[in-house]
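Since the structure comes first, as structure tokens, the remarks are kept for the end.
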Amino acid sequence: MSRILIVEDTRLMRDSLVDVLTELDHEVVTAENGAEAVNMIAAGQVFDLIITDIIMPEMDGIEAIMEVQTMSPETPIIAISGGSARLEKAAGLDTAKRLGAVAVLEKPFEIDSLLAAIQVATGG
Amino acid sequence: MNPQPAPAPFPATLVDLMADMACVLFRRRMDGDGHIRYEWFSPNVETIFGFAPAEMSVTQAGALNALHWADRDDHVRAVRRSADDGRPCVELFRIISADGQTHWLRGSARPQRQADGHVVWDGAWMDITRWMRAEHHFQTVMDHAEDCILTVDCESGIEWANAATERLFGWAEGGLRGQCLMELIQQSCPPGRPSCHGDQMLACFQRGTGEVVAIRTDGSTFPFEMTVSEVRSDGRLSLIVIGRDISRRKQTESVLAETEQRLRLTFEAAPMGILVADADGRIRESNPAFHFMSGSHGKITDTAKLTDFIPASALPSMQTATDGVFCREIAVTGPKGDERRWRLTGSHFHASEKATLPSLLLLVEDITETIRAAEERRQMERVLTEGQKLEALGRLAGGIAHELNNMLGPILMGAEMLLRSAALDDKNRSRCDRIIEAAKHGRDIVRGVLAYCRQERQDLSAVDLVAVVRQFSELAGSILPPAIRLDQHIGPDQAMVMGNGGQITQILLNLANNGRDAMGGKGALAVSLEVVDGDAILKVSDTGCGMSEKVAARIFDPFFTTKPVGQGTGLGLSVVHGLVTAMGGKVGVKSVSGQGTTFTITLPLADMACPTP
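Quick mapping for you: the protein sequence lines, in order, are chains A and B. All residue numbers for the first sequence refer to the numbering used here, where the first residue is 8 and numbers rise by one. All residue numbers for the second sequence refer to the numbering used here, where the first residue is 4 and numbers rise by one.
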């Protein structure tokens, strides 16, 4: 139903997300890091939703979110994180939220949680 | 040779009497032509001259042959003068007796002009050889003396001065006779000056031994040590003055005194305590540094012993003194009653060439502060290490958590997808359920471990930031290199917040470390504390390289680091952020590339009206 860009560097996680979303009839495109994602959007690709990990090499989620917000502010973003790199609440996700991520998810999340977040993000 | 005239000119009784006194009587005649001859000698002339009266001959000039050749001319002159002026002739000469001995004779002869124009003297000569020899002996001794010797008479001033005096003061031979002693001394006559007459004259000079300034004839002065003693003879007062030039001695004394003073000043100025003790353990020398550290100022008497201040067990036995240096640390009670540690360094030495037993030289250093500082440093390192360990553990937990969560995701979602998409029999359904349950359990475990790590650091209590900042400044001195200046500014007297003192210190240290790294070893780190509108505001600034806006925006992100691989994980500031947030505060950063960075931590002041839980 939606064209979703998944930005995630861990292969297993990425493949798992692709599997779940594809089963739910979404069109899924992947990027391995923030830079790739930004390049895609800069090249003109349009997405209905972007799901991005926070901690990645090259350009991580936060920077990606910022760039994307600049380039296509109407695209909703869901941030996900293996989180707790620090010992408190996943402040990476807090930052993501502050920067405009519509929803945040802590890994590992159940499929239902993912679906609920997509609902919130896309309003559908 | 003249025959004796028959009648002796003197009565025999007189002749005998004179002979008793070793005195020769004679009659001398000068005729109208000026020829001098001797007409008569008393018989004892043979005893003294060694010639019989008949053998006494005269020279052409009229002097006795027996006269010492050097005295002949003078005597003849004296005789002729006496003949001219009719006054008694002074007889004073030496003779060489027949056996070759020199005798001194002294006498007088009165002239009488005769009708025939002759002059006749009746005279007497006394053999004063013995006295002359004594006088000469005395004179020789006096003139060989190195010291100045003078006699001063109350009436006539200096009576006599030896050769040394004349030499030293620059007077000609005999020149001092009759001078006042004041001529030789730079000393003004006493006020109400006595009359320079009689006994009063001698009142000017102090009896006994003393030092004066003496003057030479050329006006130059020198230090003179003199002993003045009184002699009364026949009720007449004289002074005997014996003295010497002590310039050289004074100079030596001065050099010695200067050397001694220099050594003493060095000894007194030494910043280490110095003690010198005899073989019997008594303290011979102690310096101010030691008095200060032992509180013994003014208390070290002649009988004070080394063991009064230093336990005997710490000292090497005097009997088994070795050549080596010994060094040990001891614990003592300081003057204020507190425990001090002293380092003793000592060696044995012989205090004088004659000393049979060695003395002990002891250097005493109070190393209490040094040890304390070292202890504090070790403790700080331990704290830092503990903190670092905790941080490392936290990092490890965080890293593992991240990886695990990334793996649990596929496991969980994979099993869920199986349940959703596949037609499973009960057994496989169960298997999927189990996978899901295990994955969730795994998630709980990870979260639990992290929560546990988090929990350790959540003790909050009322903390006075003023004390924390002060304590931090002390500790910071240890971690900052000397070229980095630490400026501290604390506005309020007190700033109570709800937090964890140890964590706040950890935060400040984190920021200080970052600042230090940014400054490359040189610069200034400023820590300030102010209270504004119910908030405590802590600032840590550095004069380092600063950072761009882009970097500054990410500085609190986990794993974000500007340091090369291996030099930092980038967790420090994210930890700071987390801690501050947990305390209900905010942390921010302002930075200008090339100028420096300021981190600002804002913590709400604790409401002290409510009691802490």
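From the three backbone atoms N, C-alpha and C, an ideal C-beta is built for every residue, glycine too.
> In terms of residues, what are the limits of the beta strand (DSSP E) holding Ile98/B?
Replying inline: That run of the beta strand (DSSP E) goes 92–99.
> Skipping 5 residues on each side, what residues in its chain have a beta carbon closer than 8 Å to that of Glu149/B?
Replying inline: Ala167, Arg247
>> Tell me which residue opens and which closes the beta strand (DSSP E) that Ile152/B is part of.
In response: 151–156
> Exposed or buried, Trp128/B, counting other C-beta atoms within 10 Å across all chains shown (16 or more means buried)?
Replying inline: buried
> Between Ala442/B and the rest of its own chain, which residues show a CB-CB distance below 8 Å, the 5 nearest in sequence each way excluded?
Replying inline: Leu411, Ile414, Leu415, Ala418
> Taking the alpha helix (DSSP H) that Thr310/B falls in, what are its first and last residues?
Replying inline: Following the DSSP letters along the chain, one finds Thr310/B in no alpha helix (DSSP H), marked with neither H nor E.
> What residue does the alpha helix (DSSP H) around Gly126/B start on, and which one ends it?
Replying inline: Not the alpha helix (DSSP H): Gly126/B falls in the beta strand (DSSP E), residues 122–130.
>> Counting only Cβ pairs nearer than 8 Å, list the residues of chain B close to Glu39/A.
In response: Residues of chain B passing the Cβ test: none, with the nearest at roughly 14 Å.
> According to a CB-to-CB cut-off of less than 9 Å, which residues of the segment 405–425 of chain B neighbour chain A?
Replying inline: Going along the segment 405–425 of chain B in chain order, one finds His405, Glu406, Leu407, Asn408, Asn409, Met410, Leu411, Gly412, Pro413, Ile414, Leu415, Met416, Gly417, Glu419, Met420, Arg423, Ser424 with a Cβ nearer than 9 Å to chain A.
>> Against Thr17/A, what residues of chain B qualify as contacts under a CB-to-CB distance less than 9 Å, listed in chain order?
In response: Glu406, Asn409, Met410, Gly412, Pro413
> Shorter than 8 Å from the beta carbon of Asp32/A to some beta carbon of chain B?
Replying inline: False, the Cβ-Cβ gap to chain B never drops below 8 Å.
> Under 8 Å Cβ-Cβ, which residues of chain B neighbour Glu43/A?
Replying inline: Those do not exist, as Glu43/A stays about 18 Å from chain B at its closest Cβ, beyond 8 Å.
> Who are the neighbours of Ala442/B on chain A, taking C-beta pairs under 8 Å?
Replying inline: Pro115
>> Please return the same chain residues whose Cβ sits closer than 7 Å to the Cβ of Trp107/B, not counting the five positions on each side in sequence.
In response: Arg97, Ile131, Thr132, Met135
> Does the Cβ of Cys596/B have 16 or more other Cβ atoms within 10 Å, making it buried, or fewer, making it exposed?
Replying inline: Residue identity check: residue 596/B is Ser in the sequence provided, not Cys. Exposed is the call here.
>> I'd like to confirm something about Gly523/B: is its beta-carbon nearer than 7 Å to some heavy atom of the ligand SAH, or not?
In response: Absence of the ligand SAH from the depicted structure is noted, as is the absence of any ligand whatsoever, leaving it without description.
>> Buried or exposed, going by whether 16 or more other CB atoms sit within 10 Å of the CB of Asn408/B?
In response: The residue is buried, with at least 16 neighbouring Cβ atoms inside 10 Å.
> Do you know how far the Cα of Ile333/B is from the Cα of His300/B?
Replying inline: 21 Å
> In chain order, what residues of the same chain lie with their CB nearer than 7 Å to the CB of Met8/A, ignoring the 5 residues before and after it?
Replying inline: Asp32, His33
> If we count the other Cβ atoms within 10 Å of its Cβ and call it buried at 16 or more, is Leu268/B buried or exposed?
Replying inline: exposed
> Which runs of the alpha helix (DSSP H) fall wholly inside the segment 482–564 of chain B and span at least 4 residues, in chain order?
Replying inline: 504–522, 552–557
> First and last residue of the alpha helix (DSSP H) that includes Trp72/B?
Replying inline: 72–88
> Asp26/A lies in the alpha helix (DSSP H); which residues open and close that run?
Replying inline: 18–30
> Name the DSSP bridge partner or partners of Ala110/A?
Replying inline: Ile85/A
>> Do Gly494/B and Val466/B have their beta-carbon atoms positioned less than 8 Å apart in this structure?
In response: The answer is no: Cβ separation not under 8 Å.
> Does the segment 284–303 of chain B come within contact of the segment 388–396 of chain B, defined as at least 3 CB pairs closer than 8 Å?
Replying inline: no
> Looking only at its own chain, which residues have a Cβ that is under 7 Å from the Cβ of Arg210/B, when we skip the five neighbours before and after it?
Replying inline: Val231, Ser232, Glu233
>> Classify Cys435/B: buried if its beta carbon has 16 or more other beta carbons within 10 angstroms, exposed otherwise.
In response: Buried, since its Cβ has 16 or more Cβ neighbours within 10 Å.
> Comparing alpha-carbon positions, which option in Ile604/B, Asp281/B, Ala69/B lies nearest Ala585/B?
Replying inline: Ile604/B
> Who are the neighbours of Ser120/A on chain B, taking C-beta pairs under 7 Å?
Replying inline: Per Cβ cutoff of 7 Å: no residues; Ser120/A is ~10 Å from chain B at best.
> Mind checking Asn46/A: buried by the 16 CB within 10 Å criterion, or exposed?
Replying inline: exposed
> Considering Leu259/B, what are the terminal residues of the alpha helix (DSSP H) in which it resides?
Replying inline: 250–272
> Secondary structure at Val328/B, three-state DSSP: helix, strand or coil?
Replying inline: coil
>> Mapping the DSSP letters down to three states, classify Glu342/B as helix, strand or coil.
In response: Three-state result, Glu342/B: strand.
>> For Ala315/B and Arg285/B, which I take to be in contact (beta-carbon distance under 8 Å), what is that distance rounded to the nearest angstrom?
In response: The pair is not a contact, with the Cβ atoms about 14 Å apart (cut-off 8 Å).
> Counting Cβ pairs closer than 8 Å, one from the segment 270–287 of chain B and one from the segment 353–366 of chain B, do we hit at least three?
Replying inline: yes
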